[in-house]
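Heads up: the sequence shown begins at 22 in the numbering used here, then just goes up one per residue. Ideal Cβ placement from N, Cα and C applies to all residues, glycine included.
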Amino acid sequence: METARLTSFPREQATTRVCMVSSFATELLEMRSKEPSLHVLLIPGKPGIVAVYKDFVEALYENLGGQASITAIGHISHSQKCINTAYVADNCTIYDRMLHMDGSFHCRNKSTIRSSLLSKGVSSCVSLIGSLQASVRRGIVRRLLGPSWSVTAVDAACNHLLRYHTMRNVLFMAMTEFEKLTEQPDWTFIRARQNEIALLFGVDDHWGPLSHLEEVSKRVPGVVLTVETEGHTHSYCCTEAGSFWVADYVANSIKSQNLSRNN
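If you want it as structure tokens, here you go:
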């Protein structure tokens, strides 16, 4: 069972709001500093539900001493009934290049994702769970996902993920992600921005294997590369321990970058 990290004062709480982006309602998770020295923009990977990152955002704000405003932006039109596949595909590419923190839900079965019938079946089952009473729904989600998931992650799954069209969009984005994984990165862009990029790899991570780290280190030696060895996975945002660890890493990376700029 996880234990919350103790602090000497109550942690500032992130707030959510909905704003219109390209005529679509888009959820934002924000923390506003009274005197910000910088603004951190978080663009999550699939499923693009910012509520999952609440613990991470609050811990990052705390680690930066409240001197940075933070905005996490959800994926546009995630629960719209009409899936604009071309729009989603284009924006997935943009998100991956800007910041790809893969979310908590890994879809490993390509055949399920590619089959429209199976995709509809999976989405229907998910929406059926979402239609149950809150206590029953929460119990099922907790049992399926395991006791290691934080209260924040379980709440986000219950309130945002268990919808038919949201799951259809998640499965579609997973399909396009599998296709993008086989493509070569934009090395020209990475070289041009190498002093502004830090990449975090896991020891046992099929989404970003250590072979990728070796390739990046050879092609662009100026990029900061780190290997996480404490057992936190790509779904770090679903546990308090993972959220705190990555928040520490990001905060230290930002501080180091600011220090090097000032020297």
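Task: Uninterrupted beta strand (DSSP E) stretches inside the segment 163-202 (no shorter than 3 residues) - done: none
Task: Helix, strand or coil at Gly151 according to DSSP, with G and I counted as helix - done: helix
Task: Environment of Cys113 [buried if 16+ CB atoms lie within 10 Å] - done: Model confidence at Cys113 stands at a pLDDT of 36, short of 50, so the residue's coordinates are unreliable and nothing is read from them.
Task: Terminal residues of the beta strand (DSSP E) in which Leu221 lies - done: Ala219 to Gly223
Task: Residue environment, Leu62, which counts as buried when at least 16 other CB atoms sit within 10 Å - done: exposed
Task: Option nearest Asp207 by Cα separation, candidates Val237, Thr173 and Tyr257 - done: Val237
- [ ] List the endpoints of the continuous beta strand (DSSP E) containing Val245.
- [x] Val245 to Glu249
Open item on the list: Is the separation between the beta-carbon of Ala72 and that of Thr37 shorter than 8 Å?
Closed with: Yes.
Open item on the list: To the nearest angstrom, how far is the alpha carbon of Glu204 from that of Lys55?
Closed with: 42 Å
Task: CB contact flag (Pro65, Ala89, <8 Å) - done: no
- [ ] Examine the Cβ distances between the segment 149-168 and the segment 176-188 and report whether three or more of them are shorter than 8 Å.
- [x] yes
Open item on the list: If you reduce the DSSP assignment to three classes, tell me which class Val42 lands in.
Closed with: strand
Task: Helix, strand or coil at Glu33 [DSSP, three-state] - done: Here Glu33 sits in coil by DSSP.
- [ ] Inspect the CB distances between the segment 243-251 and the segment 213-227 and report whether three or more fall short of 8 Å.
- [x] yes
- [ ] May I ask you to report which of helix, strand or coil DSSP gives Ile161?
- [x] Of the three classes helix, strand and coil, the one that applies to Ile161 here is helix, per DSSP.
TODO: Pick helix, strand or coil for Ser90, following the three-state DSSP scheme.
DONE: strand
Open item on the list: I'd like to know whether the C-beta atoms of Glu51 and Ile91 end up nearer to each other than 8 Å.
Closed with: By the CB criterion at 8 Å, Glu51 and Ile91 fall inside the cutoff.
Open item on the list: Spatial neighbours of Asp269 within its chain, please: C-beta separation below 7 Å, excluding the five flanking residues on both sides.
Closed with: Asn84
TODO: Compute the beta-carbon to beta-carbon distance between Met188 and Ser144, rounded to the nearest angstrom, for a pair I have assumed lies under 8 Å.
DONE: 4 Å
Task: Cβ separation of Val224 and Thr250, assumed to be a contact under 8 Å, to the nearest whole Å - done: 6 Å
Open item on the list: Could you compute how far the alpha carbon of Thr173 sits from the alpha carbon of Tyr74?
Closed with: Cα to Cα, the separation comes out at about 8 Å.
Open item on the list: For Ser277 and Glu235, what's the separation of their Cα atoms in angstroms?
Closed with: 23 Å
Open item on the list: Quick check on DSSP: helix, strand or coil for Val61?
Closed with: Assignment of Val61 by DSSP, reduced to helix, strand and coil, places it in the strand class.
TODO: Can you check DSSP and say which residues form a bridge with Thr47?
DONE: Cys40
Open item on the list: Taking the beta carbon of Leu59 as the centre, do at least 16 other beta carbons fall within 10 Å, making it buried, or is it exposed?
Closed with: exposed
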